[in-house]
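Read through the structure below, which is laid out as structure tokens, and then see the notes.
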Amino acid sequence: MKKEYDKVWEKCLEIIKDNVNAQSFKTWFEPIKPIRLQTNVLTIQVPSQFFYEWLEEHYVALLKKVIRKELGADGRLEYSIVMENIYGVKPYTVRIPATNKKEVKNPAMNMPLDMREGGIRNPFIIPGLKRVTVESNLNPDYSFEHFVEGDCNRLARSAAFAVANKPGETSFNPLLIYGGVGLGKTHLAHAIGIEIKKKNPAKTVLYVPSERFTNQFIDAIQNNNTNDFVNFYQMIDVLIIDDVHFFSGKEKTQDVFFHVFNHLQQNKKQIVMTSDRAPVDLQGIEQRLLSRFKWGLAADLQPPDLETRIAILEKKAYADGIDLPRDVMEYIGYSITSNIRELEGALISLLAQASLNKKTLNIDLARQMIDKFVRNTAKEVSIDYIQKVVCDYFNMPIDLLKSKTRKREVVQARQIAMYFAKQLTKSSLATIGMHCGGKDHATVLHACRTVNNLMDTDKKFRHYIQELDKKINLS
Ligand code: ADP
Ligand code: MG
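Here our numbering is used: the first residue of the sequence shown is 438, the next is one more, and so on.
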């Protein structure tokens, strides 16, 4: 007995036959096989990707018309493409809904990797496009141009740049960028993708957070199409996978990632990964996967140094067209040392405060705001900041204080800075010494004693300390 979809397709063909010439009909419509009819959706199987594109390009209007006629206004067409057997795996099908331009507005922009309604089995296919494109998911703000280089990120940045210029061709494959939160891992990962796309738009670049990869894989298992899932990932040219520490303890996901990984690497495709810790510290990741991670390069991102922090603030302010007073910029740079996300957060809240309350953006406002912002560490100023205040007070360049010079007034300023650092920060004597001209812990201890003694005996000196104390603790 004839299946319902056969009957429907036969009727469609009758109309089509009347509307195209014989040769075209033979070439483009006879090879089509109807395979399913579910509610209003007719699925037809086509022999190749190219075939599908040709139909979409030349016959979409006609197809739409006949489908509407046969299945009603809600009728839709879905393609199932028999993929060429290029991956050494069994042929499989990708299902693509027919173009329906009314429904899908600007699909390239709006369609995330997630599944959309309409029976798309493969989560990555974007309906309504002439060709099957992979939305790269790249954030244009996270480019190399917007990434400030500093000692803290130099290795990772140059490796990333090298990879972006020759994806798959450097020995940095995979490239693993690791570091704590807010240090720029995601930014750098996007920058690679953006740069590659810029130089080579034809390359299939995909940025995907590990969490999403995992969820897609779970969906694929549930929908019985893990083959589609694997094959999709294996055709990517540049796979950027963010926060792989998320794979910890997820054995099945690691398995499938392992296969994808091997395939891509064998085919000289570029893999970029980020993680919140070094490969050796990644617990719950299988050894065989870990050893793969070590094949390429692992480059770390360190917390930004003062110069980088200020340079980042300058760049952000400039990009946003804000006139940020120098002392405010320095104050933020000195105070927020943890990571770049916090640094940006502080800047944004400061700008918001200033504009909402119509206050002038000056150092006093910065002090009030930043203090609130760094709630937990509010009472802990940084050594850098103490040094700055002390140097400003004595009108002395900070380099001099950090130098080895034994000039009396410099020694004294240095001792005072050490004294405040000991009092106001949680830093060890050794760390304080290191920041103040590379001295050892005994020197710092001696400095603290000297300052205490002088405060007891020297009135003028006591006055200095009291004033400095006010300045440092003003915030
Ligand atoms: P992570 O992924 O390591 O947690 P992100 O990449 O999300 O950190 O970075 C946090 C924020 O800091 C982002 O807005 C990013 O643009 C910014 N950022 C990080 N590093 C830099 C840098 N070197 N220059 C400029 N902005 C940076
Ligand atoms: Mg991140």
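All residues carry an ideal CB built from backbone N, CA and C; glycine is no exception.
Exercise. How many angstroms separate the CA atom of L837 from the CA atom of K689?
Worked result: Reading the sequence shown from its first residue, position 400 is the one you call residue 837. Reading the sequence shown from its first residue, position 252 is the one you call residue 689. Rounded to the nearest angstrom, the two C-alpha atoms are 58 Å apart.
For this session: Please determine if the region 732-740 and the region 571-581 are in contact, where contact requires at least 3 C-beta pairs separated by less than 8 Å.
Result: By the C-beta criterion, the region 732-740 is judged not to be in contact with the region 571-581, since fewer than 3 inter-stretch pairs fall below 8 Å.
Problem set entry | heavy atom of ligand 2 below 6 Å from T623 C-beta | One-based indexing of the sequence shown puts residue 623 at position 186. T623: yes, Cβ under 6 Å from ligand 2.
Exercise. Counting along the chain, where does the alpha helix (DSSP H) carrying I902 start and finish?
Worked result: Residue mapping note: residue 902 aligns to position 465 of the sequence shown, counting from 1. Run containing I902: K896 to N910, per the alpha helix (DSSP H) assignment.
Problem set entry | Residues near G619 in its chain [Cβ-Cβ closer than 7 Å; skip 5 each side] | Locating residue 619 in the sequence shown gives position 182, where the first residue counts as 1. Within the same chain, G619 has close Cβ partners N776, I777, R778 and E779.
For this session: Please state if the CB of C449 and the CB of E490 are separated by a distance shorter than 7 Å.
Result: Counted from its first residue, the sequence shown places residue 490 at position 53. Counted from its first residue, the sequence shown places residue 449 at position 12. In this structure, C449 does not lie closer than 7 Å to E490 by Cβ.
Exercise. Regarding G619 and ligand 1, is the C-beta to nearest heavy atom distance less than 6 Å?
Worked result: Here residue 619 refers to the residue found at position 182 of the sequence shown. It does: the Cβ of G619 is within 6 Å (strictly closer) of some heavy atom of ligand 1.
Exercise. What does a CB cutoff of less than 8 Å around E767 pick up in its chain, not counting 5 residues either side in sequence?
Worked result: Counted from its first residue, the sequence shown places residue 767 at position 330. Hits under 8 Å: I747 and K825.
For this session: Drop a sphere of 10 angstroms on the beta-carbon of A789, count the other beta-carbons inside from all chains shown, and report buried for 16 or more, exposed for fewer.
Result: Position 352 of the sequence shown, counting from 1, holds the residue named residue 789. Exposed, since its Cβ has fewer than 16 Cβ neighbours within 10 Å.
For this session: Return the CA-CA distance between I749 and A626, expressed in angstroms with no decimal places.
Result: Counting from one through the sequence shown, the residue named residue 749 turns up at place 312. Counting from one through the sequence shown, the residue named residue 626 turns up at place 189. Each residue's alpha carbon lies about 18 Å from the other.
Problem set entry | 7 Å Cβ cutoff met for V675 and I633 | Along the sequence shown, read from residue 1 onward, the residue named residue 675 stands at position 238. Along the sequence shown, read from residue 1 onward, the residue named residue 633 stands at position 196. Cβ atoms of V675 and I633: closer than 7 Å.
Problem set entry | Sequence-distant residues of its chain with Cβ nearer than 6 Å to L726 (five each side left out) | Here residue 726 refers to the residue found at position 289 when the sequence shown is read from its first residue. Closer than 6 Å at the Cβ level, and outside the excluded window around L726, lie Q691 and F695.
Exercise. Which residue's Cα is closest to the Cα of N576: V642, D511 and I673?
Worked result: Mapped onto the sequence shown, residue 576 falls at position 139. Here the closest residue by C-alpha is V642.
For this session: Rounded to whole angstroms, what's the CA-CA distance from R729 to N637? Just pull it up for me.
Result: Mapped onto the sequence shown, residue 729 falls at position 292. Mapped onto the sequence shown, residue 637 falls at position 200. For R729 and N637, the distance between alpha carbons rounds to 27 Å.
For this session: In angstroms with no decimal places, state the Cα-to-Cα distance between K897 and N890.
Result: Residue 897 sits at position 460 when you count from the first residue of the sequence shown. Residue 890 sits at position 453 when you count from the first residue of the sequence shown. Distance between the alpha carbons of K897 and N890 is about 13 Å.
Exercise. Residue range of the alpha helix (DSSP H) that Y822 falls in?
Worked result: Counted from its first residue, the sequence shown places residue 822 at position 385. Segment I820 to F831, the alpha helix (DSSP H) holding Y822.
For this session: Identify every residue that forms a DSSP beta bridge with M806.
Result: For the purposes of this step, residue 806 is taken as the residue at position 369 of the sequence shown. In DSSP, M806 forms no bridge with anything.
Exercise. Taking the C-alpha atoms as reference points, what is the distance between V483 and E515?
Worked result: Numbered from its first residue, the sequence shown carries residue 483 at position 46. Numbered from its first residue, the sequence shown carries residue 515 at position 78. Across the structure, V483 and E515 are spaced so that their CA atoms are roughly 10 Å apart.
For this session: Might you give, ordered along the chain, the residues of its own chain that have their beta carbon closer than 8 Å to the beta carbon of W446, omitting 5 neighbours on each side?
Result: If you number the sequence shown from 1, residue 446 lands on position 9. Cβ neighbours of W446 beyond the five flanking positions: I469, P471, L479 and I481.
For this session: Express the C-alpha separation of I785 and S792 in angstroms, rounding to a whole number.
Result: As a first step, residue 792 must be located in the sequence shown, where it is residue number 355. As a first step, residue 785 must be located in the sequence shown, where it is residue number 348. Cα-Cα distance, rounded: 11 Å.
For this session: Taking only heavy atoms of ligand 1 into account, decide whether any of them is closer than 6 Å to the Cβ of R778.
Result: Start at 1 with the first residue of the sequence shown, and residue 778 comes out as number 341. Yes, since a heavy atom of ligand 1 falls inside the 6 Å radius drawn around the Cβ of R778.
Exercise. In the DSSP assignment, what are the bridge partners of P834?
Worked result: Along the sequence shown, one-based indexing puts residue 834 at 397. Paired residue(s): none; P834 is not in a bridge.
Exercise. Taking C-alpha atoms, which residue in Y496, K463 and I504 lies nearest to K444?
Worked result: Here residue 444 corresponds to residue number 7 of the sequence shown, with the count starting at 1. Nearest of Y496, K463 and I504 to K444, Cα basis: I504.
Exercise. For Y442, which option in K463, Q475 and K454 has the closest C-alpha, if you only look at C-alpha atoms?
Worked result: Along the sequence shown, read from residue 1 onward, the residue named residue 442 stands at position 5. The shortest Cα separation from Y442 among K463, Q475 and K454 belongs to Q475.
Exercise. Starting from V503 and walking both ways along the alpha helix (DSSP H), at which residues does that stretch end?
Worked result: By 1-based counting over the sequence shown, the position of residue 503 is 66. Counting along the chain, V503 sits inside the alpha helix (DSSP H) bounded by residues V497 to L508.
For this session: Take D906 as the anchor and find which of I823, K863 and H883 has the nearest alpha-carbon.
Result: Numbered from its first residue, the sequence shown carries residue 906 at position 469. Measuring C-alpha to C-alpha distances from D906 to each of I823, K863 and H883 identifies I823 as the nearest.
Exercise. So K706 is in the alpha helix (DSSP H); what residue range does that whole segment cover?
Worked result: Translated into the one-based positions of the sequence shown, residue 706 becomes position 269. Element bounds for K706: n/a, residue is neither H nor E.
Exercise. Considering only residues of the same chain and omitting the five flanking positions on each side of T663, which have a CB-CB separation below 8 Å?
Worked result: Your numbering for residue 663 matches position 226 in the sequence shown. Scanning its chain for C-beta atoms nearer than 8 Å, with the 5 sequence neighbours on each side dropped, one finds around T663 the residues F654, A657 and V693, in chain order.
Exercise. Would you say F488 touches ligand 1, meaning its beta carbon is less than 6 Å from a heavy atom?
Worked result: Position 51 of the sequence shown holds residue 488. Every heavy atom of ligand 1 is 6 Å or more from the Cβ of F488, so no.
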